[in-house]
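Engineer: Which chain is which? The protein sequence lines are X and L, in order. Straight run, no breaks: the first sequence in the UniProt record's numbering ends on number 94. Straight run, no breaks: the second sequence in the UniProt record's numbering ends on number 405. Quick one: the structure is below, questions incoming.
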Amino acid sequence: MKGSILSKQEFTFDDLKRILLEGAGADEGVDLDGDILDSEFETLGYESLALLETGGRIEREFGITLDDDVFTDNPTPRSLVTAINESLSALVDA
Amino acid sequence: MSARILVTGIGVAAPSGLGVEDFWSVTRIGKNAIGPVTRFDASAYPSRLAGEIHGFEPKEHLPGRLVPQTDRVTQLALVAADCAFADAGIEPGTIDPYAMGVVTAAGAGGFEFAENELRKLWSEGAKHVSAYQSFAWFYAVNSGQISIRNGLRGPAGVVISDQAGGLDALAQARRQLRKGSKLIATGGFDAPICSLGWASHLHGGLMSTSDEPERAYLPFDDAAAGYVPGEGGAMLILEDEDSARDRGARTVYGEFAGYGATLDPKPGSGREPGLRRAIDVALTDAACHPAEVDVVFADGAATPRLDREEAEAITAVFGPRAVPVTVPKTMTGRINSGGAPIDVVSAVLSMREGLIPPTTNVELSDAYDLDLVAVRPRTASVRTALVLARGRGGFNSAVVVRAVD
Numbered sequence: 001m002k003g004s005i006l007s008k009q010e011f012t013f014d015d016l017k018r019i020l021l022e023g024a025g026a027d028e029g030v031d032l033d034g035d036i037l038d039s040e041f042e043t044l045g046y047e048s049l050a051l052l053e054t055g056g057r058i059e060r061e062f063g064i065t066l067d068d069d070v071f072t073d074n075p076t077p078r079s080l081v082t083a084i085n086e087s088l089s090a091l092v093d094a
Numbered sequence: 001m002s003a004r005i006l007v008t009g010i011g012v013a014a015p016s017g018l019g020v021e022d023f024w025s026v027t028r029i030g031k032n033a034i035g036p037v038t039r040f041d042a043s044a045y046p047s048r049l050a051g052e053i054h055g056f057e058p059k060e061h062l063p064g065r066l067v068p069q070t071d072r073v074t075q076l077a078l079v080a081a082d083c084a085f086a087d088a089g090i091e092p093g094t095i096d097p098y099a100m101g102v103v104t105a106a107g108a109g110g111f112e113f114a115e116n117e118l119r120k121l122w123s124e125g126a127k128h129v130s131a132y133q134s135f136a137w138f139y140a141v142n143s144g145q146i147s148i149r150n151g152l153r154g155p156a157g158v159v160i161s162d163q164a165g166g167l168d169a170l171a172q173a174r175r176q177l178r179k180g181s182k183l184i185a186t187g188g189f190d191a192p193i194c195s196l197g198w199a200s201h202l203h204g205g206l207m208s209t210s211d212e213p214e215r216a217y218l219p220f221d222d223a224a225a226g227y228v229p230g231e232g233g234a235m236l237i238l239e240d241e242d243s244a245r246d247r248g249a250r251t252v253y254g255e256f257a258g259y260g261a262t263l264d265p266k267p268g269s270g271r272e273p274g275l276r277r278a279i280d281v282a283l284t285d286a287a288c289h290p291a292e293v294d295v296v297f298a299d300g301a302a303t304p305r306l307d308r309e310e311a312e313a314i315t316a317v318f319g320p321r322a323v324p325v326t327v328p329k330t331m332t333g334r335i336n337s338g339g340a341p342i343d344v345v346s347a348v349l350s351m352r353e354g355l356i357p358p359t360t361n362v363e364l365s366d367a368y369d370l371d372l373v374a375v376r377p378r379t380a381s382v383r384t385a386l387v388l389a390r391g392r393g394g395f396n397s398a399v400v401v402r403a404v405d
């Protein structure tokens, strides 16, 4: 069956910034509103625990389950947003 | 061991003031900082008063990355550590990071953070628990976060012995300095004013149930009927004297001159409680005659049995009414691990100003042969101070702090 309420959603870069800020805050030296799409999370100051917390919040809010290595496979915001949208559309197509 | 251990920086987060100057301006005149609990709804509990730190906004003091991953107690500890390092004038790079460490004491750990995450666990499920719960609740987290934030790569540790832990941490810091470290940041913090922390305190059975802020915590008074909990603590920078002189430390508050710790005998044994022995050991360790002590900062449990034991120990060592005794924590409530480090800060500030802060609200019971500095501060030349702390479970600790010319 297609089109549950959760699976209609799109995960945007703004969603990612909001969830990063809520769950882990932001480093003073980093401007999340700057050109960071291709910066690695690690250089943005997010260590593994911050990413674990971020992943957990994305899973809860968007009703998806992420692979344990989602951040290893997708070390930048651009690649993560793409991967999560692929997960969301997989839900719709299922 | 020839080199002395010096106090070269201090930082305080207390109900009576955030920062040393605010704290001392309130403490020296004996202004009450106990009031109704506002941090959670305590109206249904038998005890409803606390010493709270009002107006603390962690985001004004700490980086955005640190705030979501820290309990209030850690935020207070980090801010006090920042103040202590700034006060000591430690510039990054002046001391080998591997020669600097941190030892703190904790009683409860990050209880408010833990309480919120446990609430999510049982109401929403495991997936809603913060990843930071893994360490934010933990007793050792203050030492860990202070170490990371200040680049301290030397020895780190935590001690847990209730109120006595605040002095035991300083002693552990001294051990590390004697083993070769040059600087140890040390102190203790607690922030238990949340329903989980309250449940722990209530379970102990020694809390005051008074609703009158100025009648609720009255050590050495005939009306003593328990304590009021408070939140906060203090950080001290302890340095090896040679190292402090080499780097040109700008302020020397005093010398950490002596320490003693004992455990009480098994209840019912009939043997003498351990506090007198702890004082004797600390004085001997400091090579200090009792007559040299200018003031005693007492533990001030405010239950009749513990008050009597403490008064008897002080009188046994010094003689009847032979030394000024004070309990400034009557202004803030008892802060577990944070209480004694705050008293050590008060002790060195007493030396600086020549003034003993008062024991507020208390009318000394006729049962105790103490020279209690009650209600009003007392001007006095303070060169040597003794700080006492006793922890639940029979911990007794004593520290001697001495002025340095």
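For each residue, glycine too, the CB sits at the ideal point set by N, CA and C. Bear in mind that the values here come from a model prediction, so they are computed numbers and not experimental data.
#1: Using only the alpha-carbon positions, how far apart do residue 92 (chain L) and residue 202 (chain L) sit?
#2: Closest to residue 80 (chain X) by CA distance: which of X:9, X:66 and X:28 is it?
#3: On the CB-based measure, 16 or more other CB atoms within 10 Å of its CB, does residue 217 (chain L) come out buried or exposed?
#4: So which of L:50, L:210 and L:328 has the shortest CA-CA distance to residue 197 (chain L)?
#5: On the CB-based measure, 16 or more other CB atoms within 10 Å of its CB, does residue 60 (chain L) come out buried or exposed?
#6: Using the Cα positions of residue 89 (chain X) and residue 135 (chain L), report the straight-line distance between them to the nearest angstrom.
#7: Excluding five sequence neighbours on each side, which residues of the same chain lie with their C-beta closer than 6 Å to the C-beta of residue 209 (chain L)?
#8: Helix, strand or coil: how does DSSP classify residue 132 (chain L) here?
#9: Apart from the five residues on each side of it in sequence, which residues of its chain come closer than 8 Å, Cβ to Cβ, to residue 11 (chain X)?
#10: Using a Cβ-Cβ distance cut-off of 9 Å, determine whether residue 127 (chain X) contacts chain L.
#11: Which two residues bound the contiguous alpha helix (DSSP H) that contains residue 360 (chain L)?
#12: On the DSSP bridge assignment, give the partners of residue 295 (chain L) in chain order.
#13: Any chance the stretch 230-243 of chain L sits against the stretch 356-368 of chain L, with 3 or more Cβ pairs inside 8 Å?
#14: To the nearest angstrom, how far is the alpha carbon of residue 339 (chain L) from that of residue 277 (chain L)?
#15: Of all the CB atoms in chain X, is at least one closer than 9 Å to the CB of residue 130 (chain L)?
#16: Short of 9 Å Cβ to Cβ, which residues in the stretch 60-74 of chain L face chain X?
#17: Any idea what DSSP makes of residue 262 (chain L), helix, strand or coil?
#18: May I ask you to list, following chain order, the residues of the stretch 101-129 of chain L that have a beta carbon less than 7 Å from some beta carbon of chain X?
#19: At least one CB of chain L closer than 9 Å to the CB of residue 49 (chain X): is that the case?
#20: So residue 238 (chain L) and residue 349 (chain L) are supposed to be a Cβ contact under 8 Å. How far apart are they, rounded?
#21: Which stretch, first to last residue, makes up the beta strand (DSSP E) that contains residue 402 (chain L)?
#22: Which residues in chain L have a C-beta closer than 9 Å to the C-beta of residue 53 (chain X)? List them in chain order.
#23: Using 10 angstroms around the beta-carbon of residue 168 (chain L), count the other beta-carbons present and answer buried if the total reaches 16, otherwise exposed.
#24: Below 6 Å CB to CB, which residues in the same chain sit around residue 264 (chain L) once its five sequence neighbours on both sides are set aside?
#25: Measuring only between beta-carbons, confirm whether residue 66 (chain X) sits less than 9 Å from chain L.
#26: Quick one: which chain L residues come within Cβ less than 7 Å of residue 18 (chain X)?
#27: Compare the beta carbon distance of residue 13 (chain L) and residue 77 (chain L) with 9 Å and say whether it is the shorter of the two.
#28: Taking the alpha-carbon positions, what's the residue 186 (chain L) to residue 236 (chain L) distance?
#29: Put residue 9 (chain X) into one of helix, strand or coil per three-state DSSP.
#30: Using a C-beta to C-beta distance shorter than 8 Å, which residues of chain L count as neighbours of residue 60 (chain X)?
#31: Since residue 63 (chain X) meets chain L, which of its residues come closer than 9 Å, beta carbon to beta carbon?
#32: Since I believe residue 164 (chain L) is in contact with residue 72 (chain L) (beta carbons under 8 Å), could you give me their beta-carbon distance rounded to a whole number of angstroms?
#33: With distances taken Cα to Cα, identify the nearest neighbour of residue 292 (chain L) among L:361, L:383 and L:101.
#34: Is there a C-beta anywhere in chain L that falls below 9 Å from the one on residue 22 (chain X)?
#35: Verify whether the separation of the beta carbon atoms of residue 259 (chain L) and residue 399 (chain L) is less than 9 Å.
#36: Examine the Cβ distances between the stretch 37-52 of chain X and the stretch 21-33 of chain L and report whether three or more of them are shorter than 8 Å.
Structural biologist: Short version:
#1: Whole-angstrom Cα-Cα distance: 44 Å.
#2: When each option's Cα is compared against that of residue 80 (chain X), the closest is X:66.
#3: Per the 10 Å Cβ criterion, buried.
#4: The candidate whose alpha carbon is nearest that of residue 197 (chain L) is L:50.
#5: With a threshold of 16 other beta carbon atoms within 10 Å, residue 60 (chain L) falls short and is exposed.
#6: Straight across, the Cα-Cα distance linking residue 89 (chain X) with residue 135 (chain L) is about 35 Å.
#7: Hits under 6 Å: 46 and 47.
#8: In the structure shown, residue 132 (chain L) sits in coil (DSSP, three-state: anything other than H, G, I, E or B).
#9: Close CB contacts of residue 11 (chain X) within its chain, under the 8 Å cut and outside five residues either way in sequence, are with 58, 62, 81, 84, 85 and 88 (chain order).
#10: The structure shown does not extend to residue 127 (chain X), since chain X spans only 1 to 94, so no value can be given for it.
#11: No alpha helix (DSSP H) contains residue 360 (chain L), which DSSP labels as neither H nor E.
#12: Answer is L:385.
#13: The stretch 230-243 of chain L is not in contact with the stretch 356-368 of chain L.
#14: Each residue's Cα considered, the two are about 21 Å apart.
#15: Answer yes: the Cβ-Cβ gap between residue 130 (chain L) and chain X drops below 9 Å somewhere.
#16: Flagged, chain order: 63, 64, 65, 66, 67, 68 and 69.
#17: Looking at residue 262 (chain L) - three-state DSSP - the assignment turns out to be strand.
#18: Hits within the stretch, in order: 127 and 128.
#19: Residue 49 (chain X) counts as touching chain L.
#20: Rounded to the nearest angstrom, the Cβ distance from residue 238 (chain L) to residue 349 (chain L) is 16 Å, too far for a contact under 8 Å.
#21: For residue 402 (chain L), the enclosing beta strand (DSSP E) starts and ends at 395-402.
#22: Residues of chain L passing the Cβ test: 68, 69, 130, 131 and 132.
#23: Answer is buried; the Cβ neighbour count reaches 16.
#24: Excluding sequence neighbours, residue 264 (chain L) sits near 273, 274 and 394.
#25: No, no contact with chain L.
#26: None at all; the shortest Cβ gap to chain L is about 13 Å.
#27: Taking 9 Å as the Cβ cut-off, residue 13 (chain L) and residue 77 (chain L) qualify as a contacting pair.
#28: For the pair residue 186 (chain L) and residue 236 (chain L), the Cα-to-Cα distance works out to about 5 Å.
#29: Coil, per DSSP.
#30: Neighbours of residue 60 (chain X) in chain L, taken as residues at a C-beta separation under 8 Å, are given in chain order as 127 and 128.
#31: Within 9 Å Cβ-Cβ: nothing; residue 63 (chain X) doesn't reach chain L, min ~11 Å.
#32: With a Cβ gap of about 23 Å, residue 72 (chain L) and residue 164 (chain L) do not count as contacting.
#33: Of the candidates L:361, L:383 and L:101, L:383 places its Cα closest to the Cα of residue 292 (chain L).
#34: Cβ-Cβ to chain L under 9 Å: yes for residue 22 (chain X).
#35: Cβ distance < 9 Å, so residue 259 (chain L) and residue 399 (chain L) count as in contact.
#36: No, they do not touch.
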